[in-house]
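In order, the protein sequences belong to chains A and B.
Quick note: the first sequence, position 464, residue 464 per the working numbering, numbers continuous.
Quick note: the second sequence, position 182, residue 1182 per the working numbering, numbers continuous.
Using N, Cα and C, we set each Cβ at its ideal position, and we do this for glycine too.
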Amino acid sequence: MTWRALRAYKTIAVASVRQRWWEAAVQAGVALLTMAVVGAGLLTSFSVPASYAVTKQQLNAPDLWVGTLSTSALALYAAVGQRSDVSALTPIYMVQSGVIRVGGKELPASISSLPDQPPPVGSLAVTAGAWPAPDANAVLLERGAAQSMGVTPGSEATVVGGGGSLSLHVAGVVRDISRASYPLSTPAAVYVTASAWRTLGGDPAAGAARFGAKVRDLSRLRATARAIRDLGPAGVPITINDGALVVEGLSPLTFALEGFLVLFGLFGLVACLFFIVGTTRADLIRQARTLGILRATGWSLRHVRRLLMLQRGAAVLLGVILGALAAVVLAGWMTGQVVQLMGLSPALDAAPAVLASVAGLILLAAIGAVRLATRGFGRTSPATMLAAGYRQPPSRLARSLEGGRGGLGPRLGAALLLGRPGRTSTAVAVLLLGLVTVIFTVITQASLSSFGSQPSTWGYAYDWRVDYVKGLAAPDVQRALDSTAGIQGSVPIYDLSATLDGNRTDARFVTPNQDLLRFHLLSGRAIGSDSEVLIGAGLAASTGLAPGRSVVLQLGTDQATVQVAGVYRELDNLGQVVLGRDSLLLRIRPQATPSYFLARLQPGANAGSVRSTLEQSVGGQVVVSPVRDSIAVPLGNVFEAVLLILGFGLAAVAGMVMFAMTMILADEHAFVIGILKAIGARRRQLAASLVWAAGFLLLPAVVLAVPAGILLTAALIGGLSAVIGGVDAVVPAGGLVLAIPIALLAPLLGFAIPARAALAASPLEAIGMER
Amino acid sequence: MLKYDIGSEIEPLTVPMIAVRGLTKVFPGGTADLSAVSEVSFDLEPGIFAAITGPSGSGKSTLLHLLGGIEKPTSGEIHVAGKEIQALGESELATFRLTQVGFIFQAFHLIPNLTIFNNVAMPGLLAGVASGPLRTRVMTLLETVGIRDKADRLPHELSGGQQQRAAIARALVNDPQVILADEPTGNLDSAAGEAVLQLLGELNDRGKTLLMVTHDPRIASWAGRQLRMRDGRLLTTADGGAAQASAPQEP
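As structure tokens, this is what we get:
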């Protein structure tokens, strides 16, 4: 057949859409949602590294960062600057730890010295305010920290360093692509002018320093990094961070959240396929006589199949195009949310290729669904299709009635459904899938909420993180915590900078067997002895370290050989963490003191008054931060909102499909209802039979959907957890009890509307309703 | 090349327009198979107006469906316009239905969501007839069957007689050599039925081979030849000619 036959397809398709536009809308809606979710998830995952590359180019940022002790920094800086494979250096940034307080809020801070003017090679970009003059008493805050504290340029801040505290003018807010934004990376990054740095003072020997370098040949980046590491004098730790670690380190977090998106997208894709198959099959059954007419007047099976493919293809194509636009918007927003935490400029990448691939997949699924639904169609002759609706149903109906038991209502209700077994089984299948979709959405939402509220390994059963100013002794803080009424318990946490197998990382040491600490092991096992450590997934990903490896753990000039027992999911500091027992730390460095404490309040305690009491007992030299506020994954809330919208969208599509399916079924019963009315059946009897029919239709769907939905979703989330770790399926009984009846309203309405019309119509009108 | 003049003359053929040999159709049933058409053989020359008569359930509609290629035979041979249709594949059979025969049904079988114009035009659209000539052809046919003013209406907005006229126009749009009509007046009142028969008679006068199924002897009398069926078997022909040797005599 030539392309000229397209006019015939178009004529039929346009008439169909005019009469039953909602069927095309359902197909388009499902495709739109699938495209939006899958496309957005993939685009975001490609766009995060692309954003890093773009921002790095914009800022002329260094290719790698070198960290060392402040006392060794100048000599190392000079040596690196003389290397032929290094083209440029940033200024040296001296670093010390401290605290920043603004407007009644306070955060532990990593205080750095600021160059006199923006350097030609750097990682800072002022987003609000201005770069301060060298002699001004001013500070720049990293954007995440500024947002967390609600600080804008012009505020006054108190910065506490090793040598005392200083009141500083907040000159501006900066993006810093050398590290993730607060609170993903703690402590908060604070940059002070040269004069402020001198005033803050502190012990230079206790400080650290870092500087960035641009290399001439990026393909030799790692080799250059190794060569720089070898420049340092023996015993002096040198850490190299090639910048990409920030992106790679963030990947466990983004992957986890995108995993939910991909889960939604894949489920949506599969649901889309089944919905298209189901509705196509129902459509074929409903249109049997029309298709019979077409075939009797010269249409071949191929024509019919092409017509159906074009009808669905057009609807799906429309949905895919709109979905692609939605995916770009959604991905742009999500990428923006992700990369702003890293101080990056958002940039979408690989959009055409990704979108074309997903769109192709969805279109193929739609076309394949039509082929599947029309398989075996050729065995039915045009004459049989022309007779559809006249012969078989009444005879089967009669047989069902003869063989049935019980009252007239249930017998007739069952007979109505059994009279058209093909339609009934299709309807039950679609209802089952629709309800499973709703259950999937409810469980996934609950699981994501749970994932967001317990995102990491430590401290989540605690209420406070208690930092203390270095002038205060740790035992005094411990005593204050023990003696303050309203505090149920507390534990010391040791956080240090370390080098593990030559890689710069944070090291955290905790008291073993604390029942309040949670570990989401991704591989290996928990720590069994002092010589074993766990490493965060980010560190494992960036270094390739795996359970069983023996490595050197270096803390300043002290070191020990330890074995990696396992890898765990750690979102704090992007998983660039090694975790060991505090007894290991005290063996390596006996004089170590806790970095901060975690404290848990007694149930019902007044947090404000307990905090006030604690602060007074130590002369205000502690910083109390709510654990959940400071460590909660900010992205969790963002993605939760996105997935909530998508979940409702998916559930709405399932509702639409279920509505359409039962409407087709009840519409066809109008013919039988007309016949029954004509032979004397009373309206009440017929209404009762329809209620029974609806019940018979929905009951098996509900009975099967609840366990199937729970098991399927749990299995899918289990699969996701195997990849990213630590995602527990949460089945909210209350949510399901509420959601399932709401979801059932759609098919009930779909059934009730045509059934009611048929009951109200005269027998002849009802008979005429059959199409 | 299709001819669009309703009055186009058909070249006289030396072979029968319809030739049936040993035609049998068995429908599988739950408890026992149903033999709807059994060992039927006959010839019809070009340009004839023939009627298949018989009581309800005698297999006359099934025979017409087999001749029109909308049902496949269990065994036997069917030659229509020189084509051995039981040997045609699905696609060739569709082309045969599109171009060689025009089918008229008792229940009209118009597509409910298409206008009368589009219903009539549909076979022409599928055959790839250009828009201009097709529009002219459809409007001429609607004029001929007397419902030109109903072109933009939907089927349910027309009376039964008008719907059947639209169905006749649709059967003619690709200028087929053979018209097959299954109880074309079965759903019509006597006046409308008379008008439809008049129309069919005119088509036959202009050279179309016409085979009509009816159980009404009065309507069958319009035909030049009658094929009587009972229990799936062909009994006699009403023009006095002997039925094929295989056909049993009516008791």
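- Within the stretch 279-303 of chain A, contact with chain B at the beta-carbon level (separation under 9 Å) is assigned to Arg289, Thr290, Gly292, Ile293, Leu294, Arg295, Ala296, Thr297, Gly298, Trp299, Ser300, Leu301, Arg302 and His303.
- Annotation for Gly1186/B: Gln1106 place their beta carbon closer than 7 Å to its own, counting only its chain and skipping 5 residues before and after.
- DSSP places Asn503/A in the uninterrupted beta strand (DSSP E) bounded by Asn503 to Val510.
- In this structure, DSSP gives Glu1090/B a helical state, which the three-state scheme calls helix.
- Residue environment: Val703/A is assigned as exposed (fewer than 16 neighbouring CB atoms within 10 Å of its CB, all protein chains considered).
- For His1156/B, the three-state secondary structure derived from DSSP is helix.
- The Cβ of Arg1137/B sits no closer than 7 Å to any Cβ of chain A.
- In the structure shown, the three-state DSSP call for Trp299/A is coil.
- The beta-carbon separation of Val624/A and Arg611/A, rounded to 5 Å, stays under the 8 Å limit for a contact.
- Listed as beta-bridge partners of His169/A by DSSP are Ala138/A and Glu156/A.
- Secondary-structure assignment with DSSP links His1079/B through a beta bridge to Ala1019/B and Glu1084/B.
- DSSP places Tyr182/A in the coil class of the three-state scheme, outside both helix and strand.
- Between the stretch 1061-1075 of chain B and the stretch 299-313 of chain A there are fewer than three C-beta pairs closer than 8 Å, too few to call the two in contact.
- Spatial neighbours of Gly489/A in its own chain (CB-CB distance under 6 Å, excluding positions within 5 residues in sequence) are listed in chain order as Arg600.
- If you draw a straight line from the Cα of Met1122/B to the Cα of Leu1114/B, it comes to about 9 Å.
- Per DSSP, Gly129/A is one residue of the beta strand (DSSP E) stretching across Leu124 to Gly129.
- If you check each beta-carbon in the stretch 1163-1186 of chain B against every beta-carbon of chain A, the ones closer than 7 Å belong to Arg1170.
- Under the three-state reduction of DSSP, Ser1221/B is assigned to coil, being neither helix nor strand.
- For Ser1058/B, the three-state secondary structure derived from DSSP is coil.
- Residues of chain A whose Cβ lies closer than 7 Å to the Cβ of Ile1111/B are, in chain order, Thr290 and Ile293.
- Close CB contacts of Asp230/A within its chain, under the 6 Å cut and outside five residues either way in sequence, are absent.
- Listed by position along chain B, the residues whose Cβ is nearer than 9 Å to that of Leu386/A are His1065, Ile1070, Phe1105, Ala1107 and His1109.
- Three or more Cβ pairs closer than 8 Å define a contact, and the stretch 1012-1027 of chain B meets that threshold against the stretch 1076-1086 of chain B.
- For Pro1123/B, the neighbours in chain A by C-beta distance under 7 Å run, in chain order, Thr297 and Gly298.
- Taking 7 Å as the threshold, the shortest C-beta distance from Leu1210/B to chain A does not fall below it.
- Contact residues of the stretch 697-725 of chain A toward chain B are absent (C-beta to C-beta distance below 7 Å).
- Excluding sequence positions up to five before and after Ser1058/B, its CB lies within less than 6 Å of the CB of Met1229 and Arg1230, all in the same chain and listed in chain order.
- Ile293/A and Arg684/A have their alpha carbons spaced roughly 37 Å apart.
- When only Cα atoms are considered, Val551/A and Gly524/A end up about 16 Å apart.
- DSSP places Ile588/A inside the alpha helix (DSSP H), whose first and last residues are Asp582 to Ile588.
- In the assembly as shown, Ser70/A is a buried residue. Its beta-carbon has 16 or more other beta-carbons within 10 Å.
- Taking the Cβ atoms as the reference, Val304/A lies roughly 49 Å from Ser51/A, outside the contact range of under 8 Å.
- Per DSSP, the beta bridge partners of Pro492/A are Phe597/A.
- Taken through DSSP and simplified to helix, strand or coil, Ser425/A comes out as helix.
- Chain-ordered listing is empty here: chain A has no CB closer than 8 Å to the CB of Arg1153/B, the nearest sitting near 13 Å.
- Straight across, the Cα-Cα distance linking Val1040/B with Ala1223/B is about 20 Å.
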